[in-house]
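Each remark here refers to the structure printed beneath this line.
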Amino acid sequence: MRVDEKTKHDAGTPASASAEPAARTTAARPRKRRSVNREGLEAGRRSTRTLLWILLAAAMVLYGFPFLYLLFTSFKTPIDTIAVPPTILPREWTLENYVNALGRSGVPASFINSIQTAIISTVLSLVLAVPAAYGITRYKTLGGRIFIMAALVTRMVPPVAIGIPLASMMGSVGLADTPIALSIAHTTISLPLSIWLMSSFFEAVPQDLEEAATVDGCSRLGALWRVVIPVVSGGIAVTAIFAFLASWNEFLFALLMTAIRSQTTPVVIANFQTQFGLDWGSMTALAAVYSIPVILLTLLLQRKIVAGMTLGAVKG
Amino acid sequence: MSTRKFISRLAIGGICTAVALSASACGAGGPATPTGAAGTNTVNVLVEAGGRAELTGVAEQCKKDAGVDVNFVELPYDGMFNRLSSEFSSGNVSFDVAALDSVWLPSFKDALQPIDEIFTDEAKKDIFPALAKEANVDGHFIGLPAWTNAEIILYRMDLFEDSKNKADFQAKYGYELAAPTTWKQYQDISEFFTKDGMYGTDVKGGVETEWLAHVLQAGSPMVLDENNKVVIDNAAHKEALDFYVGLAKYAPSGAAQVDWAAAQNLFNQGKTAMTRFWAHAYRQIPKDSPVAGKVGAAPMIAGSAGIGAVPGPWYLTVPKATKNTEAAKKFVKCAYDHNSMGIESSLGLASRISAFEKYQDKEGYESFKPLIETLNGEATATRPATEKWQQIVDTVLVPMLQKAVAGGDSAILLADAKKQIEDLLK
Chain V
0 MRVDEKTKHD
10 AGTPASASAE
20 PAARTTAARP
30 RKRRSVNREG
40 LEAGRRSTRT
50 LLWILLAAAM
60 VLYGFPFLYL
70 LFTSFKTPID
80 TIAVPPTILP
90 REWTLENYVN
100 ALGRSGVPAS
110 FINSIQTAII
120 STVLSLVLAV
130 PAAYGITRYK
140 TLGGRIFIMA
150 ALVTRMVPPV
160 AIGIPLASMM
170 GSVGLADTPI
180 ALSIAHTTIS
190 LPLSIWLMSS
200 FFEAVPQDLE
210 EAATVDGCSR
220 LGALWRVVIP
230 VVSGGIAVTA
240 IFAFLASWNE
250 FLFALLMTAI
260 RSQTTPVVIA
270 NFQTQFGLDW
280 GSMTALAAVY
290 SIPVILLTLL
300 LQRKIVAGMT
310 LGAVKG
Chain B
0 MSTRKFISRL
10 AIGGICTAVA
20 LSASACGAGG
30 PATPTGAAGT
40 NTVNVLVEAG
50 GRAELTGVAE
60 QCKKDAGVDV
70 NFVELPYDGM
80 FNRLSSEFSS
90 GNVSFDVAAL
100 DSVWLPSFKD
110 ALQPIDEIFT
120 DEAKKDIFPA
130 LAKEANVDGH
140 FIGLPAWTNA
150 EIILYRMDLF
160 EDSKNKADFQ
170 AKYGYELAAP
180 TTWKQYQDIS
190 EFFTKDGMYG
200 TDVKGGVETE
210 WLAHVLQAGS
220 PMVLDENNKV
230 VIDNAAHKEA
240 LDFYVGLAKY
250 APSGAAQVDW
260 AAAQNLFNQG
270 KTAMTRFWAH
280 AYRQIPKDSP
290 VAGKVGAAPM
300 IAGSAGIGAV
310 PGPWYLTVPK
320 ATKNTEAAKK
330 FVKCAYDHNS
340 MGIESSLGLA
350 SRISAFEKYQ
360 DKEGYESFKP
370 LIETLNGEAT
380 ATRPATEKWQ
390 QIVDTVLVPM
400 LQKAVAGGDS
410 AILLADAKKQ
420 IEDLLK
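Protein chains in written order, with numbering that gives the first Met the number 0: chain V, 0 to 315; chain B, 0 to 425.
Below is the structure:
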């Protein structure tokens, strides 16, 4: 529009006089356009960024709210926990629920059992998954491909279908109500995922690295141990976290396979809901305390996790 | 030492400790005496989480009196049936005594030992008739009631005694406002209090027991008759269902989703003036609840067949697979002898008539007289003794009730339910 007006004003002026402004106009036009475009792009980017931030905040609220609600509930008085309609913040803050939850018999023992079971299960998963994934990715045999698919299929079986037979089997080999039995059961959940995760991490490591190590005198296992595993340590950390979490939060197998010696905390948390009422405050207090170790573990391994997450993305 | 090295060493230390502990197959709960250790005086007692409190005092007493040590295996209610099924079917049980919900007795009858010797004539006289009948399966007693419960009427005494409410009620209905003794009164009172954001009662679409109590009060057996014929479509069931659903207009919305916990919350929050609820709830009203100290208790209301309710007892049973039978039976007998100790627990229930009677006049136990009257009611009866009962409840009765409170046609729903139950029983 402005360009048109300018053209009209210039009409009737001498060619030489009009040439300079015309040249100036044609030179200014792209500059203006560029600046308009830049501003437009900048504004577009800003609005996209704002939209993304809003979406991100909404997602964070969506994911974080249940945990925050749990946390706030753990500080509520008994009547506040069951308020109709529910309140988000406690009307009166109390630590009574924490005293009740932690003072309940069997809670400290269940924590030790959970830690013990999760560590054993994680170690078992890694010890089995690392060589399995390495073998599958490096040898690329038909058997390997079938094996990795079969491992995935085991993830599709509902745990309740194998829980009862597993419990019977453990009982018949004298492992009833032991952390090792529960760890083995938990490994059946985490192992397939661990193999798949580790496979993708090994795929990202160039084979040249191992060949170089072999030239320098390493055996294949030596190359795996000294060269490949340090490279995929971030991936191992990610896999370990997933395996640990799978065991830490698992409920069904723990319910079916533990009694006095090896009962884990998820079962104890569930015990706050009885036929005769729900001790919601104590339940949330224990759940909040139970979340602390995994939050700390995640924070401790954060750098490794981020490194591991991006490891599989740079292959090729 | 760098932080990284410290963490690594800590992790390695933790792993080694865990592996060492697991190698000894020893959980942090300590090595329990395994069931099957014949001749020991330690018994593992499987209880639903709420039952532990009920039996803890009894267990301490049994240690003193009978020298029986008790380890409790506590499980959440929802998982207990699966666990029991798993262990009974494998023949390896991790417990010597199990406290079972009455609903499960028919399912596990073949895995339980008879305990006829504990059911002496004197003992039978002290057990509510419906419970003694339920414990007897195929001519043998297989469970000793540890504690029992029944639905009674809980109402807001403060509202009922308010002079304005009394006068207004008298003016509107022509009789005095008091704890209801007929269902017509219950309906009137529910209507009267449904105002200003408050409701007269609740309607629980998520549980079946209350509707079944109405069926008993109308003089019909629940769902199945004595020959296991499905009678859910008879007139008594329809009348009961129509009445039950009719109360929904005096109850908070969303009746289809209201279960025990929701109804208890509504009452404890002061949102409902009356509730039909298990008697234990009277003593479990939180101290900081707006209704604490303002609640009265009355027996379940009678229908044409008299007072009728569905009791909720739990039975102590001894599995056939335990090799520690002697100590297990010793504990069951001891638990019966000291049954009244359960009343002092947080749950506050017992199973012997004499135990309830001992406490009924004490302050704080005002719910016991109505409970005794309800449990002795002429129409009070236990659930049908079929191993499919839990399945019938979960897959037929509750979904049907939910449809009914949402406005479904009762006759059609009951006819459908009949067909489904017949298919399940085939």
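Glycine included, every Cβ here is placed at the ideal spot set by N, Cα and C.
When the options are compared against residue i, the one with the closest alpha-carbon
i: A183 (chain V); options: V:V129, V:Q115 and V:G63; result: A quick correction: the sequence has Ile, not Ala, at residue 183 (chain V). Taking only the C-alpha atoms, the option nearest I183 (chain V) is V:Q115.
i: A208 (chain V); options: V:S199, V:T186, V:G221 and V:L196; result: Going by the sequence as given, residue 208 (chain V) is Leu instead of Ala. It is V:G221 whose Cα lies nearest to the Cα of L208 (chain V).
i: P105 (chain B); options: B:F330, B:D415 and B:A384; result: B:A384
i: P164 (chain V); options: B:F87, B:I284 and B:I152; result: B:F87
i: D478 (chain B); options: B:K417, B:E73 and B:Q186; result: Residue 478 (chain B) falls outside the range modelled here, since chain B spans only 0 to 425, and no answer is possible.
i: T86 (chain V); options: V:L94, V:K75 and V:T93; result: V:K75
i: A52 (chain B); options: B:T373, B:V404, B:I342 and B:A405; result: B:I342
i: K303 (chain V); options: V:V230, V:L174 and V:A203; result: V:V230
i: V46 (chain B); options: B:D77, B:N40 and B:A65; result: B:D77
i: F275 (chain V); options: B:P310, B:K357, B:K132 and B:L346; result: B:L346
i: G199 (chain B); options: B:A234, B:P251, B:A212 and B:A97; result: B:P251
i: V122 (chain V); options: V:I135, V:R137, V:N270 and V:F243; result: V:F243
Minimum Cβ-Cβ distance from residue i to chain V less than 9 Å
i: G311 (chain B); result: yes
i: P369 (chain B); result: no
i: L265 (chain B); result: yes
i: V72 (chain B); result: yes
i: D68 (chain B); result: no
i: W277 (chain B); result: yes
i: Q268 (chain B); result: yes
i: P30 (chain B); result: Low confidence applies to P30 (chain B): its pLDDT is 49, below 50, so where it sits in the model is not reliable enough to give any reading.
Nearest-angstrom Cα separation, counted from residue j out to residue i
i: R90 (chain V); j: I81 (chain V); result: 12 Å
i: R82 (chain B); j: A117 (chain V); result: 22 Å
i: N99 (chain V); j: V222 (chain B); result: 42 Å
i: A296 (chain B); j: W259 (chain B); result: 17 Å
i: S339 (chain B); j: L143 (chain B); result: 14 Å
i: M197 (chain V); j: I119 (chain V); result: 18 Å
i: G50 (chain B); j: Q272 (chain V); result: 11 Å
i: T324 (chain B); j: F192 (chain B); result: 55 Å
i: N375 (chain B); j: F127 (chain B); result: 7 Å
i: I114 (chain B); j: F71 (chain B); result: 21 Å
i: T32 (chain B); j: D109 (chain B); result: Low local confidence applies: a pLDDT of 49 at T32 (chain B) is under 50, so the model's placement there is unreliable, and no value is given.
i: V237 (chain V); j: L88 (chain V); result: 35 Å
i: R45 (chain V); j: L54 (chain V); result: 14 Å
i: K270 (chain B); j: I411 (chain B); result: 33 Å
i: A166 (chain B); j: S303 (chain B); result: 30 Å
i: G35 (chain B); j: A166 (chain V); result: With a pLDDT of only 47 at G35 (chain B), under 50, the local geometry of the prediction cannot be trusted, and the value read off the model is given with reservation. Cα to Cα, G35 (chain B) sits roughly 17 Å from A166 (chain V).
i: A132 (chain V); j: M169 (chain V); result: 27 Å
Continuous alpha helix (DSSP H) stretch holding residue i: start and end
i: Y335 (chain B); result: T324 to D336
i: L423 (chain B); result: S409 to L424
i: I188 (chain V); result: P178 to E202
i: T55 (chain B); result: A48 to A65
Close-in-space but distant-in-sequence residues of the same chain around residue i (CB under 7 Å, 5 per side omitted)
i: L127 (chain V); result: L190
i: T2 (chain B); result: Below a pLDDT of 50, predicted positions are generally treated as unreliable, and T2 (chain B), at 48, falls in that range; no measurement from the model is reported.
i: F118 (chain B); result: F140
i: M79 (chain B); result: E47
Beta carbon proximity, residue i to chain B, threshold 9 Å
i: S232 (chain V); result: no
i: G102 (chain V); result: no
i: F74 (chain V); result: no
i: K314 (chain V); result: Any reading at K314 (chain V) is ruled out, since the residue's pLDDT is 46, under 50, leaving its predicted position unreliable.
i: F241 (chain V); result: no
i: P77 (chain V); result: yes
Spatial neighbours of residue i in its chain, beta-carbon cut-off 8 Å, leaving aside the 5 residues before and after
i: T180 (chain B); result: A297, I300 and A301
i: T257 (chain V); result: N112, D176, L181, T263 and V266
i: K62 (chain B); result: D68 and V69
i: P285 (chain B); result: N267 and A291
i: L251 (chain V); result: P158, V159 and G162
i: I259 (chain V); result: D176
i: V106 (chain V); result: A100, T264, V267 and L285
i: T213 (chain V); result: R219 and A222
Residues near residue i by beta carbon distance below 6 Å, same chain, minus five either side
i: S351 (chain B); result: In the sequence as displayed, the identity of residue 351 (chain B) is Arg instead of Ser. The residues are D125 and N338.
i: A254 (chain B); result: V202, G204, A247 and V404
Host beta strand (DSSP E) of residue i (start-end)
i: V96 (chain B); result: V96 to D100
i: G295 (chain B); result: V294 to A297
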